[in-house]
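Step one of this worksheet: look at the structure below.
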Amino acid sequence: MATAHRRSGRSRQSSDGLVNRKLVAFAPETWHAVNLLAKDSMKSFQELADEAFLDLLKKHGRSDDLRTALRKSAADAEGRVRRDR
Numbered sequence: 000m001a002t003a004h005r006r007s008g009r010s011r012q013s014s015d016g017l018v019n020r021k022l023v024a025f026a027p028e029t030w031h032a033v034n035l036l037a038k039d040s041m042k043s044f045q046e047l048a049d050e051a052f053l054d055l056l057k058k059h060g061r062s063d064d065l066r067t068a069l070r071k072s073a074a075d076a077e078g079r080v081r082r083d084r
């Protein structure tokens with residue numbers, strides 16, 4: 000089922016216990032470069048994808064878990080309320 004998730008040790012499952020999946024298309028040269036990186040770094044494609052998406056979220060100041068995102072959102076909202084007073 001989700002063997003790549005289990006191998007990476009960082010299974011990201013939704014609250015209903017299912018793993019979310021998306022089909023992604025790559026240009027052939029991009030796929031070749033990513034596949035070569037996976038082999039050279041001895042990582043699975045899933046591990047590289049997890050790392051890439053976590054880096055993307057971090058770059059845009061987004062949390063990778065709901066609890067942290069809600070805390071940040073609440074703190075931001077409270078800061079806006081205090082400024083508006």
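Residues in the sequence shown are numbered from 0 upward in steps of one, following numbering that gives the first Met the number 0. For glycine and all other residues, C-beta sits at the position ideal for the given N, C-alpha and C. Please read all numbers here as calculations on a predicted model, not as lab measurements.
| Check | Outcome |
| --- | --- |
| Buried or exposed by the 16-neighbour rule on C-beta atoms within 10 Å, applied to ASP39 | exposed |
| Complete runs of the alpha helix (DSSP H) confined to the region 24 to 77 [at least 4 residues] | 27 to 40 and 44 to 58 |
| ASP49 classed as buried or exposed, judged by whether at least 16 other C-beta atoms fall within 10 angstroms | buried |
| Straight-line Cα distance separating PHE52 from LEU22 | 15 Å |
| Beta-carbon proximity check, ASP63 vs LEU56, cutoff 7 Å | yes |
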